[in-house]
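What follows is one structure encoded as C-alpha cells, with my remarks underneath.
Numbering (our numbering), first residue to last: 1447 to 2143.
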C-alpha cells in the first residue's frame, strides 16, 4: 500500500501542477485560486479598458449602449471579435483601445495554453460594465430585487447558467479516449483481425487496450453507428443505442450506465435450478485529453451449477465466509445454498504523452495473445495495482506492481494477509510478422518490517538478482518468453514459455525433478475462415508441470483471493482448446470444446502434495524426482459450450444470450472434493458484458 499511496501522491501533485487558470495580468500572477484570478482579471481589464477608452475618445459623446465579444488567445493577446454600437466614433475608439491592451499570460487548461472568450454589455460613459468568461453572456441586472447587489455578485449568480451553457452534446468521446476496452472475448474478437494485420505496430499481448489505441484499426464509434436503430423515443434510444446519461463540455466528459447480469438456468444433471442477479452501476469519463477514469459497483446474489458451487465452497476464506466465487470474490451465504458477493472495480489513467502512461486501480490485466495466459490472466478477482507503460519505436514496456490477498491466511488483526507482486513485460515487433516478448515476475510476502520492497522498482529485467540481494528465502521469481508470428493477414500463431524459479541443473538433469517447473502454450488463430466474413477459429494447447506457481512458503504462491493469477486450472495439467466464433450485425455466437488431463491431491490437507493445488507447500512433496503431469489423483475432463447472443445496446455492451454447457469429469479416486460428475447446464441471460466470466473449470 505504500507504493499505491506514493503513486497516488505523485499523480495528485502532477494534476495540481497542471490546473486550469484564468488569463492573468502581471498584477494577478501570484494568485492561485481560480475565483480570485477571475475577479483580479475583471478588475484589471475594466480599469485598463476604461482608461484607454477615455484617452481615445476625443470629445464628449452621448451615452451609448455597447455590446462586445472578445477573446484572450493562446499567446495572451486581446482580440476584438464583435462591437455592437450605433456610434461609429465610439466603435473606432474601442478598436483602438483593444490594440493598446497589454499582452498577458493566457488561460491554461490542464497545463496547456488555451483561449478564453468573453462577452460584455455596458453603457458608456456612465455605467460600469460586467464581464463574463467562456462565451456566457451576462447583462446588467436592473431588477428591483437585485438593486443592492454589486456587479460581481450579479455575475456570481449566473455561475450555474454558465456551466449549463458550456455543456455540449456528447459525441462519442469514449471511443477516442484512453479508457480501457472491457476484457471481453466477444468485444476483442470484433477487431482481432484488424489489429493483427501484417505490418501493424500494435502490441497485442498487453491488455486491456484503450479505445484510442485501437482506433487506427477499428473505429468503435463508426461501427456502432452502423448498428444503430436510430430510435426516436427516449426509452428506445437508451435501451438500444445510447448510454443512460452523458455529460460533455470543452475539457471533460463522462457517461453513466446502469446494467444488470440476470441469469436463469438449470443444472439438469444435478436437478438444480440456477440463477444470478447482479445490479451494476458504472461511470467512465475523461478530464482533458490525458486523464480518464472508470468505476463500477456490482451487487450480486447467485447460485450456479453444482460443480461451480462446490469449487466456490472449496476456496472458502479463513475468516468463516463460506465461499469465494471464481472470477468475482469473497461471498457470504444467501438463501438456499446461494452466494452474496459484492465487487467493486475501477482505475484512474493518466496519459503523459504518446510514450508514457500511468494507471492506478483495482481492475484486471492480461498478458498474452491466447484464450488462456500462463503469465497473467483475468480469471481471478480484480486486484489493486499500479501500472506504468512506455511505448516507443517498435517497443512497449509494461511494469505492474500489485498487492494480492491470501484469503486462507489472516493477520493478527483478522484481515487477509497480503503479498506483493512486481512484474514486467517487454514487447518487441521484430519485423512486420514477428513479435517476441520477455516476461518476469517476483512475488514476496508482506512480512513485518518489509512491506513493499522498493528494490523491485528496478525497471530492468533482472528480478532474480534483486531476489538474491534481498535474501534467498525472500520470495519467488518467474521468467517467460512469448511470441506471435503472422503467416498472413488471416492466420497467426502464438505461444508462451513460462519458467518458474529457474534451476538449470534440474531442468537438464533428466530425472524429472520437482524443481523443473515450467508451462508451455501454443496456439493459432484463423480469421474469416474459408472466406466467410467474421467466422473465426482458434486452436490452443496448454500444459503446466506440477508445482509451478506454488512455493515452499504458501503465502508466496501466484494466487489472489484463492484463485490462480495465471491459468485457472492452476497447475499439473495438459489441455487442448478449440473455439469457433461468428458474428453478424448485432448477432454473435461461439462454440468451445476443451479436453484436459489433470492431477489432484487425494487429501483435502494437500499432504502428500502432488503439485496441483497452489496452496500446497513444497515441504510436503511426495517425491523430489520422477515428477510428471497428471500425477496424484488423475482425472480427465471435457467441457463443451455453445452460446448464441444478441447485442442489445452496443454503447453499454448489453447482450441477451442463451448458453449451454456440458461438462464430464472422471477421476481415479473418488473423494468428497473430487468425484465423477456429469453436468448439463442451460442458462438464459441478459448482462452488461464488462468482463470475462469463466465457467470452464
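For each residue, glycine too, the CB sits at the ideal point set by N, CA and C.
Integer-rounded CB distance, given that residue j should sit under 8 Å from residue i
i: residue 2008; j: residue 1864; result: With 8 Å as the limit, residue 2008 and residue 1864 do not qualify as a contact, their Cβ atoms being about 14 Å apart.
i: residue 1553; j: residue 1467; result: 6 Å
i: residue 1499; j: residue 1543; result: 5 Å
i: residue 1733; j: residue 1705; result: Contact flag wrong, Cβ pair sits at about 24 Å.
i: residue 1629; j: residue 2137; result: 6 Å
i: residue 1787; j: residue 1771; result: 5 Å
i: residue 1777; j: residue 1767; result: 7 Å
Residues of its chain near residue i, where Cβ-Cβ distance is below 8 Å and the 5 sequence neighbours each way are ignored
i: residue 1783; result: 1749, 1755
i: residue 1533; result: 1507, 1508, 1510
i: residue 1469; result: 1487, 1518, 1522, 1550, 1551, 1552, 1553, 1562
i: residue 1454; result: In this prediction, residue 1454 has a pLDDT of 39, which is less than 50 and means its spatial position is unreliable; nothing more can be read from the coordinates.
i: residue 2066; result: 2052, 2053, 2054, 2055
i: residue 1855; result: 1764, 1862, 1863, 2000, 2001
Contact check, residue i vs residue j, beta carbons under 8 Å
i: residue 1811; j: residue 1822; result: yes
i: residue 2044; j: residue 2076; result: yes
i: residue 2082; j: residue 2058; result: no
i: residue 1828; j: residue 1848; result: no
i: residue 1651; j: residue 1814; result: yes
i: residue 1612; j: residue 1731; result: no
i: residue 1649; j: residue 1478; result: no
i: residue 1624; j: residue 1797; result: yes
i: residue 1964; j: residue 1946; result: yes
i: residue 1568; j: residue 1512; result: yes
i: residue 1555; j: residue 1697; result: yes
i: residue 1739; j: residue 1666; result: no
i: residue 2001; j: residue 1928; result: no
i: residue 2005; j: residue 2093; result: no
i: residue 1833; j: residue 1875; result: no
i: residue 1984; j: residue 1820; result: no
i: residue 2101; j: residue 1997; result: no
i: residue 1751; j: residue 1713; result: yes
i: residue 1524; j: residue 1547; result: yes
i: residue 2031; j: residue 1673; result: yes
i: residue 1616; j: residue 1699; result: yes
i: residue 2107; j: residue 2141; result: yes
i: residue 1565; j: residue 1932; result: no
i: residue 1570; j: residue 1536; result: yes
i: residue 2010; j: residue 1826; result: yes
i: residue 1958; j: residue 2074; result: yes
i: residue 1944; j: residue 1926; result: yes
i: residue 1791; j: residue 1836; result: no
Beta-carbon contacts of residue i that lie in its chain and below 6 Å, excluding the five residues immediately before and after
i: residue 1869; result: 1846, 1887
i: residue 2120; result: 2046, 2113
i: residue 1626; result: 1654, 1656
i: residue 1710; result: 1721, 2130
i: residue 1688; result: 2097
i: residue 2104; result: 2090, 2130
i: residue 1664; result: 1637, 1640
i: residue 1789; result: 1744, 1774, 1775
i: residue 1715; result: 2124, 2125, 2126
i: residue 1590; result: Unreliable positioning characterises residue 1590 in this predicted model, as indicated by a pLDDT of 47, which lies under 50. The coordinate reading is nonetheless provided below. Cβ within range, chain order: n/a, list empty.
i: residue 1761; result: 1770, 2008
i: residue 2024; result: 1985, 2039
Same chain, Cβ closer than 7 Å to residue i, five either side skipped, listed in chain order
i: residue 2139; result: 1773
i: residue 1456; result: Any reading at residue 1456 must be qualified, since the residue scores a pLDDT of 40, below 50, and its modelled position is unreliable; the value itself is stated next. Taken in chain order, the list of residues that qualify is empty.
i: residue 1539; result: 1499, 1502, 1503
i: residue 1703; result: 1689, 1690, 1728, 2098
i: residue 1475; result: 1551
i: residue 1683; result: 1677
i: residue 1631; result: 2138
Beta-ladder partner(s) of residue i, from DSSP
i: residue 1720; result: 1711
i: residue 1784; result: 1780
i: residue 1691; result: 1702
i: residue 2055; result: 2067
Proximity test, Cβ basis, 8 Å: residue i and chain D
i: residue 1760; result: Reference to chain D is not applicable here, since this structure consists of a single protein chain.
The ligand SAM heavy atom lying under 7 Å from the CB of residue i
i: residue 1656; result: As far as ligands go, the structure on display features none, and thus does not contain the ligand SAM.
With three or more C-beta pairs closer than 8 Å as the rule, is the region 1631 to 1649 touching the region 1714 to 1727? no
Between the region 1962 to 1982 and the region 1788 to 1805, can you find at least three pairs of beta-carbon atoms closer than 8 Å? In this structure the region 1788 to 1805 does not touch the region 1962 to 1982; the number of beta carbon pairs closer than 8 Å is below three.
Decide if the region 1781 to 1797 is in contact with the region 2014 to 2029; the criterion is three or more beta carbon pairs, one per stretch, under 8 Å apart. no
For the region 1877 to 1886 and the region 1982 to 2000, state whether three or more C-beta atom pairs, one from each stretch, are separated by less than 8 Å. no
Segment contact flag, the region 2032 to 2041 with the region 2087 to 2099, C-beta cutoff 8 Å, min 3 pairs: yes
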